[in-house]
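Counting from 1155, one number per residue, gives the positions in the sequence shown under my numbering. Cβ atoms here follow ideal geometry from the backbone N, Cα and C, with glycine treated the same way. On a predicted model such as this, the values are computed, not experimentally measured, just so you know.
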Amino acid sequence: MTAVPPPVITIDGPAASGKSSIARRVAQHLGFTYVNTGNMYRAMTWAVLEAGVDPQDAEAIRAAAAGITLESPVVEGKTQVCVCGSALGDDELNSDPVNRAVSLVARVPEVRERLVADQRALIALGPLVMEGRDIGSVVFPDSPHKIYIDATEEVRASRRSAQGHADQVAERDRIDKQRTTSPLIVPQGAIVIDNSHITLDEAVGQVLAALHLP
Ligand code: CDP
Ligand code: CDP
């Protein structure tokens, strides 16, 4: 008899749509581990920039990434990101240079292959709420629990600027949707929740209501 794998709730969507806030609360509610895969791409980007690499230079990114180790230890129900043994915080992960470069680093196929493998391996932690751009389409395409969180471009831009970040969300979305390897799409079978005009609590309620967990 084959063991049934733990459930993975996949949450995808464009920048600043509310994915992280919603995913964190859903994970807390269910007692599942929360994984923010954007932070893994952000950590890789931070390390590549620290190495002095031009984010437009895919070949240099590939070479630098090969020497960077990433780990995802769990702290208080959430995965953290450590680069070569040091934990990164919000200041590094959400810095302006990382916001500008992350979609360029994330479109390099070898970077994606490696992080997708790391993300799949996190199933060893047990039930997960994993959030990103390609979780329902590529990382866990067989999950029966797929959500796509959306919000209008205006709402997303204003949410991000209210957080005090300089972030060209429309430009990141453009690159994320147009890249060749695992672009941002609504995954097959995903339930789409537009949370432009509802509160965070209402959005969490809609996600929990849409899931049919055993
Ligand atoms: O928080 P926000 O929605 O602004 O972004 P994020 O989830 O932290 O992701 C940052 C960037 O990482 C995205 O714009 C994508 O370029 C990339 N990313 C990805 O390609 N695939 C994922 N599964 C998660 C993030
Ligand atoms: O992870 P992602 O970039 O998709 O978005 P986020 O960082 O979770 O949300 C961006 C901001 O929008 C946060 O300050 C949330 O509290 C806020 N938000 C909101 O005000 N109402 C919602 N329905 C969803 C998010």
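Measure the alpha-carbon distance for residue i versus residue j and round it to whole angstroms.
i: residue 1194; j: residue 1226; result: 8 Å
i: residue 1229; j: residue 1218; result: 28 Å
i: residue 1336; j: residue 1245; result: 28 Å
i: residue 1209; j: residue 1368; result: 44 Å
i: residue 1248; j: residue 1319; result: 8 Å
i: residue 1306; j: residue 1300; result: 20 Å
i: residue 1261; j: residue 1347; result: 26 Å
i: residue 1275; j: residue 1237; result: 17 Å
i: residue 1214; j: residue 1259; result: 10 Å
i: residue 1357; j: residue 1188; result: 17 Å
i: residue 1172; j: residue 1313; result: 9 Å
i: residue 1295; j: residue 1240; result: 31 Å
i: residue 1325; j: residue 1158; result: 40 Å
i: residue 1224; j: residue 1268; result: 10 Å
i: residue 1169; j: residue 1289; result: 15 Å
i: residue 1287; j: residue 1156; result: 30 Å
i: residue 1166; j: residue 1359; result: 17 Å
i: residue 1220; j: residue 1263; result: 13 Å
i: residue 1212; j: residue 1257; result: 12 Å
i: residue 1311; j: residue 1322; result: 8 Å
Cβ-heavy atom distance between residue i and ligand 2 below 8 Å?
i: residue 1325; result: no
i: residue 1331; result: no
i: residue 1253; result: no
i: residue 1285; result: yes
i: residue 1305; result: yes
i: residue 1313; result: yes
i: residue 1354; result: yes
i: residue 1290; result: no
i: residue 1227; result: no
i: residue 1176; result: yes
i: residue 1342; result: no
Taking residue i as the reference, give the member of the options with the closest Cα.
i: residue 1271; options: 1257, 1292, 1247, 1310; result: 1292
i: residue 1207; options: 1172, 1255, 1167; result: 1255
i: residue 1304; options: 1197, 1182, 1350; result: 1350
i: residue 1333; options: 1279, 1266, 1355; result: 1266
i: residue 1161; options: 1223, 1197, 1279; result: 1279
i: residue 1243; options: 1338, 1326, 1164, 1197; result: 1197
i: residue 1233; options: 1340, 1182, 1353, 1329; result: 1182
i: residue 1235; options: 1328, 1199, 1186; result: 1199
Would you say residue i touches ligand 4, meaning its beta carbon is less than 8 Å from a heavy atom?
i: residue 1298; result: With respect to ligand 4, the structure shown offers nothing to examine, as its ligands consist of ligand 1 and ligand 2.
Run the proximity test for residue i: is its beta-carbon closer than 8 Å to any non-hydrogen atom belonging to ligand 1?
i: residue 1193; result: yes
i: residue 1349; result: no
i: residue 1281; result: no
i: residue 1321; result: yes
i: residue 1171; result: yes
i: residue 1212; result: no
i: residue 1162; result: no
i: residue 1260; result: yes
i: residue 1216; result: no
Exercise for review: Answer yes if the stretch 1283-1297 comes into contact with the stretch 1173-1186, meaning at least three C-beta pairs across the two stretches below 8 Å, and no otherwise.
Suggested key: With a cut-off of 8 Å on Cβ pairs, the stretch 1173-1186 is in contact with the stretch 1283-1297, counting three or more such pairs.
Point to revise | Validate contact between the stretch 1251-1266 and the stretch 1189-1205 using beta carbons, cut 8 Å, 3 pairs | key: Flag = yes, the stretch 1251-1266 and the stretch 1189-1205 touch.
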